[in-house]
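Here's the structure we're looking at; comments come further down.
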Amino acid sequence: MNTEKQLYTISVYTENNIGLLNRISAIFQRRHINIESLNISPSEIDNVSRFTIVVNMIEVNVKKIIGQIEKQVEVIKAYYHTLDQVIYQISGLFKVKSELLFEEPQIQNIIKNSHARIVTVNTEFFVLEKSGKKEEIAELHEQLSVYGIMQYTRSGLIAVTKDEMRISELLESYNN
Amino acid sequence: METQTIKNNQTAKKVTEKISGSEAIVRCLIEEGVKILYGYPGGAIMPVYDELYKYQDKIHHVLTRHEQGATHSAQGYARISGEVGVAMATSGPGATNLITGIADAQIDSTPMVCITGQVFSHLLGSDAFQETDIVGISTPVTKWNCQVTKASDIPEAIAKAFYIAKSGRPGPVLIDVTKDAQLEEFDFSYEKCTKVRSYNPIPKTAISSVEEAAKLINSAKKPLVVWGQGVILSEAEEAFKAVIEKAGIPAAWTILGASAIPTSHPLNVGMVGMHGNYAPNVLTNQCDVLIAIGMRFDDRVTGKLDTYATQAKVIHFEIDPAEIDKNVKTDVAVLGDAKASLELLLPLLNENKHPEWRKEFADLYAIEYEKVIKGDIHPTKEGLTMGEVLHQINVQSKGNAAIVSDVGQHQMIACRYAEFNKTKSNITSGGLGTMGFGLPAAIGAKMAAPEREVVSISGDGGYQMTIQELGTIFQQKAAVKVVVLNNDFLGMVRQWQQLFFDKRYASTEMVNPNFVAIAEGYYIKAKKVTKREELADAVKEMMESKEAYFLEVCVEKEGNVFPMIPTGASVSDIRLE
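In the order they appear, the protein sequences are chains A and B.
As numbered in the numbering used here, the first sequence has no gaps in its residue numbers, which increase by one up to the final residue, 178.
As numbered in the numbering used here, the second sequence has no gaps in its residue numbers, which increase by one up to the final residue, 625.
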């Protein structure tokens with residue numbers, strides 16, 4: 003077992019019920035564990051939600067957390083993975099003054115080289131969207147901040163795993 | 049003709065009737081077999097109380113004197129019967145007063161369903177009168193909870209609540225019902241819950257894990273069993289006894305495991321943990337195979353983890369996967385229901401006796417008897433000891449009473465010295481250590497098992513935390529025997545102050561009221577004993593009483609509970625003095 007602190011993604015398949023977020027976040031709070039990022043979305047199965055939680059912990063403690071999460075009645079299954087066991091993306095949104103596009107020609111190069119997407123443009127501002135690894139978004143942020151960013155936000159990490167999850171089979175087995 | 053048939057079929061299929069949400073709550077409880085519930089009325093739960101009034105010939109509501117008392121009574125009811133205890137309260141302060149009992153039930157795996165009233169759903173989040181976010185507050189201390197805002201959701205929520213509370217590793221469930229859901233009418237029908245899609249209460253026992261466990265046990269020279277409440281909760285007592293008898297393994301218990309097998313059983317080597325017996329604590333660090341069954345390696349059991357049974361291979365029989373490797377690293381984990389697992393294990397075990405190993409327990413017991421036990425239960429010094437009171441209760445009960453203890457020195461003494469012939473006889477707050485648990489829990493226990501002798505044992509501190517439940521005893525005519533071991537101190541804290549804080553007795557001395565007068569104020573027969581020569585007769589009189597009886601025993605003020613494992617010390621460094 004890895005004894006170094008590192009980033010892990012915790013993927014939790016759950017029923018879609020009010021209060022479950024509170025129940026799961028309380029598990030971290032009670033043990034004084036900081037959540038690096040959290041995302042909740044529908045999953046590949048109807049009416050099943052998927053939490054993607056990122057924590058910076060040692061593996062033995064992640065395993066204990068997984069046990070506590072799975073213990074919750076409305077949790078179907080929880081898994082943990084290192085970042086190289088998953089395919090993950092983070093999204094960043096940048097709102098920038100439109101005039102900069104004309105005044106600062108370098109910005110056009112930044113957009114081009116970063117493979118960021120222009121979501122919208124109007125006379126006052128334009129919005130850039132960049133998906134990728136945390137470092138890629140941070141890099142774009144660094145480059146643009148020289149010119150001034152009106153608003154910036156970054157999403158939680160979302161991930162799919164390289165190995166299979168087999169949630170449908172698991173649900174089947176619970177019901178037999 | 050054809051239309052007629054269809055019509056008839058439809059009526060046959062759907063047996064529903066229009067009733068209110070509040071009536072549905074009471075009908076659901078009756079459907080779940082609830083005969084007694086404990087609670088306290090108030091604004092947001094009044095419609096349900098109105099229905100309880102109408103159904104009082106089918107379901108008995110016990111008015112406790114505080115909502116906390118309702119939860120502890122429900123816990124006592126559950127612990128002695130194995131059934132789900134039920135508590136009810138109104139919104140706001142009524143609901144928050146349940147929290148201590150809910151937390152206690154959560155950590156001690158007690159099946160309990162709490163139903164709270166809530167303000168009208170349109171007022172939720174508006175800081176309305178007696179509104180509190182009880183679902184949010186109770187989330188970390190419940191196995192499951194939910195809020196119901198529509199009458200038609202009530203039957204399913206309550207059915208789920210009972211199923212979840214009782215199945216797998218039991219625990220408390222809270223259902224919060226808004227007042228509009230109680231008043232709304234709907235088509236009622238009830239179906240018990242038998243599964244929840246995302247919930248797997250009993251993991252399947254892997255036969256390979258049982259085989260591995262058997263192999264280790266069969267090869268062991270110095271095996272030690274430590275069992276917990278899991279044996280009682282899964283009703284595995286017989287299977288458990290068969291296993292230890294066949295393999296000849298000395299077996300020690302955690303505080304909540306007590307009474308699963310009789311105290312007098314030759315393989316019962318006593319209690320583990322901070323104030324447990326000398327032999328099982330010392331020999332935990334000498335055994336070669338440690339077999340944990342339905343217990344969770346609480347820190348009060350293990351002492352310093354780094355030095356806990358490090359020489360031993362550890363087998364853990366456990367229903368809750370989250371407990372495996374949580375505190376103690378196991379070599380073989382046997383997941384599943386204790387009874388099922390032990391029944392699989394039994395035929396794989398070799399017969400064994402381990403006479404030399406067992407002699408080590410007997411030898412250490414002899415040391416403990418000389419240094420501690422003799423002076424506790426047959427004292428010659430001046431001043432009554434808690435141990436001799438327990439001894440007199442044993443003499444009278446012959447081990448047949450259920451002992452409900454509170455929290456503190458008297459609790460450790462009660463658990464150490466009470467004799468048990470019958471399972472589910474030791475009811476105490478183990479994990480949470482809730483002072484005030486004992487008296488109301490004894491009420492619940494007595495009402496669930498009126499044929500049994502139920503003795504509540506408290507200290508003068510904890511007793512006063514829920515002393516108002518004497519009113520419940522009086523009103524319900526619950527024939528609970530109430531013993532207060534009075535040393536005019538918060539004795540356990542004082543003991544720590546003596547040992548670890550240079551006798552600085554900060555806020556532990558109590559100036560106490562006339563306890564006999566208080567009991568008599570509730571029309572409960574009462575007596576106070578201050579001398580050794582009065583004790584035996586007083587205990588006899590109490591135990592022979594057909595009604596509730598209060599006995600105050602003034603014990604030595606600065607008595608200490610030994611043996612003791614100081615915090616942070618290893619189990620084998622247990623002190624005898």
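The beta-carbon is built from N, C-alpha and C at its ideal position, and this holds for glycine as well.
Can you find a C-beta in chain B that's less than 7 Å from the C-beta of residue i?
i	result
residue 36(A)	no
residue 28(A)	yes
residue 94(A)	no
residue 8(A)	no
residue 158(A)	no
Could you tell me which chain A residues have their CB closer than 9 Å to the CB of residue i, listed as they occur along the chain?
i	result
residue 246(B)	15, 16, 17, 50, 74, 75, 76, 77, 78, 79, 173, 176
Between residue i and chain A, is there a C-beta pair that is closer than 7 Å?
i	result
residue 212(B)	yes
residue 187(B)	yes
In chain A, which residues lie less than 7 Å from residue i when you measure between Cβ atoms?
i	result
residue 96(B)	The premise fails here: residue 96(B) is roughly 22 Å from chain A at the closest Cβ pair, so nothing lies under 7 Å.
In chain order, what residues of the same chain lie with their CB nearer than 8 Å to the CB of residue i, ignoring the 5 residues before and after it?
i	result
residue 125(A)	100
residue 6(A)	60
residue 376(B)	340, 345, 350, 353, 356, 357, 362, 364
residue 425(B)	433, 435, 436, 438, 439, 465
residue 551(B)	545
If you measure from the CB of residue i, is any heavy atom of the ligand NAP nearer than 6 Å?
i	result
residue 77(A)	You won't find the ligand NAP in this model; it holds no ligand whatsoever.
Could you name the residues of chain B that residue i contacts, counting a contact when the two beta carbons are closer than 9 Å?
i	result
residue 21(A)	183, 184, 187, 193, 194, 195
residue 134(A)	Chain B residues near residue 134(A): none, gap ~33 Å exceeds 9 Å.
residue 114(A)	Per Cβ cutoff of 9 Å: no residues; residue 114(A) is ~47 Å from chain B at best.
Can you tell me the Cβ-Cβ gap for residue i and residue j, rounded? I've got them flagged as a contact below 8 Å.
i	j	result
residue 253(B)	residue 389(B)	5 Å
residue 595(B)	residue 573(B)	6 Å
residue 526(B)	residue 504(B)	Not confirmed; about 10 Å, so no contact.
residue 478(B)	residue 539(B)	Not really, about 18 Å apart at Cβ, beyond 8 Å.
residue 128(A)	residue 120(A)	6 Å
residue 224(B)	residue 183(B)	5 Å
residue 454(B)	residue 484(B)	7 Å
Check the Cβ of residue i against every Cβ in chain B and list those closer than 7 Å, keeping chain order.
i	result
residue 168(A)	Correct list: empty, because the minimum Cβ distance to chain B is about 14 Å.
residue 24(A)	184, 187
residue 66(A)	374
I'd like the list of long-range same chain contacts for residue i, defined as Cβ closer than 6 Å, with 5 residues on each side in sequence excluded.
i	result
residue 440(B)	583, 584, 587
residue 604(B)	431
residue 458(B)	434, 505, 507, 533
residue 315(B)	292, 298, 299
residue 64(A)	10, 82
residue 488(B)	117, 120, 121, 514, 517
residue 145(A)	112
residue 549(B)	none
residue 154(B)	189, 219, 220
residue 626(B)	Past the edges of chain B, shown from 49 to 625, lies residue 626(B), and the structure says nothing about it.
residue 317(B)	298, 300, 327, 328, 409
Applying a beta-carbon distance threshold of less than 8 Å, which residues of chain B neighbour residue i?
i	result
residue 32(A)	188
residue 145(A)	Within 8 Å Cβ-Cβ: nothing; residue 145(A) doesn't reach chain B, min ~43 Å.
Take residue i and list the residues in its own chain whose beta-carbon comes closer than 7 Å to its own, dropping the five residues that flank it on each side.
i	result
residue 218(B)	157, 158, 159, 281
residue 385(B)	250, 282, 367
residue 460(B)	323, 609
residue 52(B)	Reliability of the predicted coordinates at residue 52(B) is poor, the pLDDT of 44 falling under 50, and the value obtained from them is presented with this limitation in mind. Hits under 7 Å: none found.
residue 239(B)	207
residue 337(B)	264, 265, 268, 271, 360, 361, 363
residue 634(B)	One cannot answer for residue 634(B) here, as it falls past the ends of chain B, which runs 49 to 625.
residue 371(B)	344
Give me the chain E residues within the contact set of residue i, using Cβ-Cβ distance strictly less than 7 Å, ordered along the chain.
i	result
residue 70(A)	Considering every chain present, this structure includes no chain E. Its protein chains are A and B.
Output, in sequence order along the chain, the residues in the stretch 367-385 of chain B whose CB is closer than 9 Å to any CB in chain A.
368, 369, 370, 371, 372, 373, 374
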